[in-house]
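Working notes, beginning with the structure itself.
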Amino acid sequence: MRFWFRPAPPPRPKLRGVSHEVAFFASLASGVALFCEAGAVVSRVAALLYAASLSAMYGVSALYHRVTWRPAALRVWRRLDHSMIFVLIAGTFTPFGLLVLRGGWSVATLVVFWAGAVGGVVVSLVWIDAPRWVAALLYLALGWAGLVTLGPIARTVGGGGVALLVVGGVLYSIGAVVYARKRPSPVPAVFGYHEVFHAFVIAASACHWAAVRMAVSLPR
1 MRFWFRPAPP PRPKLRGVSH EVAFFASLAS GVALFCEAGA VVSRVAALLY
51 AASLSAMYGV SALYHRVTWR PAALRVWRRL DHSMIFVLIA GTFTPFGLLV
101 LRGGWSVATL VVFWAGAVGG VVVSLVWIDA PRWVAALLYL ALGWAGLVTL
151 GPIARTVGGG GVALLVVGGV LYSIGAVVYA RKRPSPVPAV FGYHEVFHAF
201 VIAASACHWA AVRMAVSLPR
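Residues in the sequence shown are numbered consecutively from 1, following the working numbering.
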């Protein structure tokens with residue numbers, strides 16, 4: 001019989017997607033606060049782009065994980081969920097490219113991260129069944145490409161901003177490893193490995209939000 005019928009998937013943990021649903025509403029409030037704190041027009045544009053990417057990532061993730069979709073729709077939402085991670089990475093570095101970096105650094109940062117995001121979105125849409133380690137590797141490669149910008153960023157926002165970016169990157173990286181390895185899974189029926197992954201994402205994005213706030217608050 002096992003040749004004819006696929007075993008039913010295990011039930012999702014009860015808290016699947018709950019943290020990202022809460023984080024979505026928090027991202028809306030924090031995005032408004034960021035926009036209001038930005039003074040110059042370019043600072044507000046940068047804040048808006050970042051806030052939109054953050055809310056889009058959490059909103060799509062919450063819809064994907066919290067709603068019971070039909071199989072065909074589930075595949076669409078899964079593609080969107082994976083795509084939004086690349087959009088957030090580019091959105092996070094956009095304020096630094098627009099407001100902090102100068103000249104060639106500014107242009108290169110914006111081009112590299114948004115081109116990488118477009119490439120990541122294409123891969124997510126075309127290769128939806130890619131192994132987890134491939135997705136995790138792509139996220140990490142694009143995110144840590146920002147290492148080369150930390151020196152110029154430090155000269156403008158200081159060591160505190162760089163520390164927030166690095167700590168956030170480390171937290172994202174740990175989350176990606178948890179996602180790829182599917183462990184640890186503390187309470188599989190309630191709070192599994194995916195919930196651990198989501199928790200690291202929230203902590204990391206909080207660090208990056210604080211770093212972006214420093215960038216948009218710079219006098220212009």
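Using N, Cα and C, we set each Cβ at its ideal position, and we do this for glycine too. Quantities reported herein were computed from a predicted structural model and do not represent experimental measurements.
Asked: Give me, in chain order, the residues of the same chain whose beta-carbon lies closer than 7 Å to that of L140; leave out the 5 immediate sequence neighbours on both sides.; Found: S173 and A176
Asked: Going by beta-carbon coordinates alone, are M84 and V157 separated by less than 9 Å?; Found: no
Asked: What residue range is occupied by the uninterrupted alpha helix (DSSP H) comprising R181?; Found: L150 to R181
Asked: For V196, I'd like the list of residues in its chain whose CB is within less than 8 Å of its CB, leaving aside the five on either flank, ordered along the chain.; Found: G175, V178, P184, S185 and P186
Asked: Can you tell me which residues form a DSSP beta bridge with F191?; Found: V187
Asked: Tell me whether R183, by its Cβ, gets closer than 8 Å to a heavy atom of the ligand NAP.; Found: This structure does not include the ligand NAP; it has no bound ligands of any sort.
Asked: Would V121 and V76 be called neighbours here (beta carbons separated by less than 9 Å)?; Found: no
Asked: What do you reckon, are the CB atoms on S55 and F24 nearer than 9 Å?; Found: yes
Asked: Count the other C-beta atoms from every protein chain shown that fall within 10 angstroms of the C-beta of P95, then say buried if there are 16 or more, exposed otherwise.; Found: buried
Asked: Among G146, F191, C207 and A136, which residue has its Cα nearest to the Cα of R181?; Found: A136
Asked: Look at the alpha carbon of A72 and the alpha carbon of L80, and state the distance between them as a whole number of angstroms.; Found: 13 Å
Asked: Name the two residues that bound the continuous alpha helix (DSSP H) containing D129.; Found: It is not in any alpha helix (DSSP H) - D129 carries neither H nor E in the DSSP assignment.
Asked: Spatial neighbours of F3 within its chain, please: CB distance less than 7 Å, with the 5 preceding and 5 following residues excluded, ordered by chain position.; Found: Annotation note: pLDDT 45 at F3 (below 50); position unreliable, no value reported.
Asked: Can you name, in chain order, every residue of its own chain whose Cβ lies under 6 Å from the Cβ of A26, other than the five neighbours on each side?; Found: none
Asked: Could you tell me which uninterrupted beta strand (DSSP E) segments, each at least 3 residues in length, are contained entirely in the region 100-146, listed from first to last along the chain?; Found: none
Asked: Return the CA-CA distance between A51 and A189, expressed in angstroms with no decimal places.; Found: 33 Å
Asked: Can you round the beta-carbon distance between T109 and H208 to whole angstroms, since I take them to be within the 8 Å contact cut?; Found: That pair is no contact at about 15 Å.
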